[in-house]
Amino acid sequence: MEWKLLEDDSEKKQQKGKRNQQASTSQNASETEITGKLKCLKKIWNDFKRVLCVKKCYKYVNEQPEVDLDTISTNNDKLTIVFDLDSTLVFSTREKRFEEQCFMERIKYYVAIRPYCRTLLETIRPFCNIVVYSAGGRKYVHHIVELLDGEKNKVLSRDNCQLENGFYIKDLRKTEYPLERTVWIDDKVKSFPFQPYNGIVIKPWIGDPKDEEILRILKLIMHLKKEMNVCSFLRQHHQKTINNK
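Residues 1 to 245 (the UniProt record's numbering) are what the sequence shown spells out, left to right.
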């Protein structure tokens, strides 16, 4: 009798274990299905945002006169745009601050790209030389540029800066392009003390997904492509900006 009771208990435990295992398997399958659907929805949403981004930039570009590519014979004839990186085109931190940041293993940073940034680069490439000039280290800068844009652009880093009172300053002459057709875009006006009227100061970006500052920059670039001397226009623009503050 005792053996039968033990066998019954053992059988009940086995049946209970099977039911628990089946329930666990079913739950895991359900969670996997939900995770898959969420990933799919996230991809659809990201694709939708990219389409909106392209359409918005397309609208801004088409408000301006078309570029006559036949008049562009050499790189020196083109407008040169010199971009800063951090807080201008990207936002990088050692620890993750928000969802859009992705971890770059090679440099150990979480990086997010500013809204409309890639579309801006693609839009201006036919009529602009694109240079990246950052106070970041060489390895960091090159990996960020690779993330932003697969094209071969001229890249200058901390090695091409001058340290003054604890701050790295930049000199547009290091780009080797004609200054009268060269524009810097940076979130710090003191970055270019030697060429203050070659620049456009952009609002620093720290992750706002609705930021549209790049669109303002695009409109200015579309105007500057026609200017033979950008300094004259930017000097007036700089004065208007000061007067409006």
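Ideal placement from N, C-alpha and C gives every residue a C-beta, glycine not left out.
Would you give the residue range spanned by the beta strand (DSSP E) that residue i belongs to?
i: Met-104; result: 102-104
i: residue 249; result: Here the chain covers residues 1 to 245 and nothing more, so residue 249 does not appear.
i: Glu-99; result: Neither: Glu-99 is in no beta strand (DSSP E) and is coded neither H nor E.
i: Ile-200; result: 199-201
i: Leu-163; result: 162-164
i: Phe-91; result: 90-93
i: Val-189; result: No beta strand (DSSP E) holds Val-189; DSSP gives it neither H nor E.
i: Phe-167; result: 167-169
i: Asn-129; result: 128-133
i: Ile-107; result: No beta strand (DSSP E) contains Ile-107, which DSSP labels as neither H nor E.
Let me make sure I understand the geometry here. Which of the options has the alpha-carbon closest to that of residue i?
i: Lys-170; options: Thr-80, Asp-77, Asp-84 and Lys-154; result: Asp-84
i: Val-90; options: Cys-128, Asp-77 and Met-104; result: Met-104
i: Ile-113; options: Lys-210, Gln-236 and Lys-219; result: Lys-210
i: Lys-152; options: Leu-163, Leu-121, Tyr-168 and Phe-167; result: Leu-121
i: Asn-165; options: Ser-191, Asp-187, Glu-176 and Lys-154; result: Ser-191
i: Tyr-168; options: Gly-137, Glu-146, Gln-236 and Glu-176; result: Gly-137
i: Phe-127; options: Thr-80, Glu-146, Lys-139 and His-143; result: Thr-80
i: Glu-100; options: Arg-216, Glu-212, Gln-236 and Asp-208; result: Asp-208
Going by the CB atoms, is the gap between residue j and residue i shorter than 8 Å?
i: Lys-88; j: Ile-202; result: The residue asked about is misnamed: residue 88 is Thr in this sequence, not Lys. Yes, they are a contact pair.
i: Arg-158; j: Ala-135; result: yes
i: Trp-224; j: Val-183; result: According to the sequence as given, residue 224 is Leu; it is not Trp. It is a contact, given that the beta carbons lie within the stated cut-off.
i: Leu-218; j: Thr-123; result: yes
i: Leu-156; j: Lys-174; result: yes
i: Cys-96; j: Tyr-110; result: Here the sequence assigns Lys to residue 96, which means Cys is not the residue at that position. Their beta carbons are under 8 Å apart, which means Lys-96 touches Tyr-110 by this criterion.
i: Leu-148; j: Val-82; result: no
Exposed or buried, what is residue i when buried is set at 16 or more other beta-carbons lying within 10 Å of its beta-carbon?
i: Gly-199; result: buried
i: Lys-226; result: exposed
i: Ile-206; result: exposed
i: Lys-78; result: buried
i: Phe-98; result: exposed
i: Leu-234; result: buried
i: Lys-118; result: In the sequence under discussion, the amino acid at residue 118 is Arg, which differs from the Lys named in the question. Result: buried.
i: Phe-194; result: exposed
i: Asn-62; result: Low local confidence applies: a pLDDT of 47 at Asn-62 is under 50, so the model's placement there is unreliable, with the coordinate-based value given in what follows. Under this definition Asn-62 is an exposed residue.
i: Asp-86; result: buried
Assuming the contact rule is C-beta atoms closer than 8 Å, residue i and residue j should be a hit. Round their C-beta distance to whole Å, please.
i: Ile-214; j: Pro-115; result: 7 Å
i: Val-132; j: Val-141; result: 7 Å
i: Asn-229; j: Glu-180; result: 5 Å
i: Tyr-197; j: Cys-161; result: Incorrect: roughly 20 Å between the Cβ atoms, too far for contact.
Span of the alpha helix (DSSP H) holding residue i?
i: Thr-119; result: 117-124
i: Glu-176; result: That residue, Glu-176, is in no alpha helix (DSSP H); it is neither H nor E in DSSP.
i: Leu-147; result: 138-148
i: Lys-219; result: 213-224
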